[in-house]
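The number in the working numbering is simply the position in the sequence shown, starting from 1, with 2 added. All C-beta atoms in this analysis are idealised placements derived from N, C-alpha and C, irrespective of residue type, glycine included. Remarks on the structure that follows.
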Amino acid sequence: MIWGGLLLVLVGQIWIPACHSAETTEITLGEGKRNNSLQMISEDGLDIPETARKSPVGRPEREPDVSGNETAVEGSQPQQTALPTEALPTSTAEDNFSYIFTRLSAMDAAIHRLNVQFHGMDVKFSQLSQSMAKLRTKLDDNEDTIASLSEMNIRNMKQVGQLEGCLKGRRFTRKCYLLFLQFESYPTAQQLCQSRGGNLAMPADQQEYISLAQYIHDALFPSNWPVWIGINDQRSEGMYLYESGYRVSFFNWYKDHLVSQPNGGAMENCISVSSDDGKWWDNDCSLRMYYVCEY
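Set out below in structure tokens:
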């Protein structure tokens, strides 16, 4: 039986349209169902092209176009080309061991470099320590030299002061007196006398004091100025001592019907001499006045 129109063939549960012509019929079926359908169509008198008989299951034939490309049959899905994939490298125990060995070698090399640097630092530190020890030794030597020079300078100053005292001052038996016309307190005057190799004047007896008083009178005449000498009772009130620590064996206090020395009590502990008459006065040790040194 020849169909003039569209033939609907029921194969299983799928309706397949077919045309009564010599054109290629594309059927997407399972392998068993496709063979049955072709057999049924052949029995009805349809001409099945050889290409349809030999076509792979599930792959409709493409008609070649002018350009040489195949044209997909209407209703078919475009064929997707699978992209080639590269096989991922797999790590083996040998690769892991090689990586670990490489890392350990790099760490060992880094540790070696650090050890070399530390050794160099130790050498430099040792050299610096030796240099510091040498510098410390030189510093100690220089300090000793400075101390020696300082002592020598003090001795020289004292010798110069003694020579100056005897050259510029007045000699009496074994002593030389020199009057200084600078206003100083009693403690400062004593320090200055010592720095020049002497002390504040300490007349040992009455005769020596007469010579000292005459020298002061002559140096300051016609004025009348108080002058510090080396006698005080700072250690114990009323017990007068020389700067050398010996007790005073005589006194020459000023006395009249109005004033009698000493009268300062614990507030006035240092002795000054009046330049006009040579009398002694007790005064506050912080007062500033002339002073006379002995060498």
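Quiz prompt | 7 Å Cβ shell around Arg290 - same chain, five flanking residues per side excluded | solution = Phe185, Glu186, Ser187
Quiz item: Would a C-beta distance cut-off of 9 Å place Leu181 and Val294 closer than the cut-off?
Solution: yes
Quiz item: Considering only residues of the same chain and omitting the five flanking positions on each side of Pro264, which have a CB-CB separation below 6 Å?
Solution: Asp284
Quiz item: Can we say the segment 140-152 touches the segment 253-269, given the rule of at least three CB pairs closer than 8 Å?
Solution: no
Quiz prompt | Cβ-heavy atom distance, Val250 to the ligand NAP, below 8 Å | solution = Ligands are entirely absent from the displayed structure, and the ligand NAP is therefore not among its contents.
Quiz item: Out of curiosity, what's the CA-to-CA distance linking Lys160 and Ile233?
Solution: 22 Å
Quiz item: Where does Asn271 land, buried or exposed, given buried means 16+ other C-beta within 10 angstroms?
Solution: buried
Quiz item: Measuring CA to CA, which of Trp230, Arg173, Met154, Ser213 is closest to Trp282?
Solution: Trp230
Quiz item: Would the beta-carbon of Ser277 fall within 9 Å of that of Ser225?
Solution: yes
Exercise. Can you grab the Cα-Cα spacing for the pair Gly267 / Glu245, in whole Å?
Key: 20 Å
Self-check item: Limits of the beta strand (DSSP E) - the one that Gln178 falls within
Solution: The sequence given here places Cys at residue 178; Gln does not occur at that position. Cys178 -> beta strand (DSSP E) spans 177-186.
Quiz item: With 16 as the cutoff for other CB atoms within 10 Å, does Ser274 come out buried or exposed?
Solution: buried
Self-check item: Cutoff 6 Å; reference Asp235; Cβ partners in own chain excluding five residues on either side
Solution: Met241, Tyr242, Asn271
Quiz item: Going by alpha carbons, who is nearest to Met269 out of Ser107, Pro205, Ser152, Cys287?
Solution: Cys287
Practice problem: Can you say whether Met3 is buried or exposed, counting buried as having 16 or more other CB atoms within 10 angstroms of its CB? | Solution: Legend: pLDDT at Met3 = 41, less than 50; position of this residue unreliable, value from coordinates given subsequently. Counting Cβ neighbours within 10 Å, Met3 comes out exposed, since fewer than 16 surround it.
Exercise. Kindly give me the distance between the Cβ atoms of Leu202 and Gln192, rounded to whole angstroms, as I take these residues to be in contact under 8 Å.
Key: 5 Å
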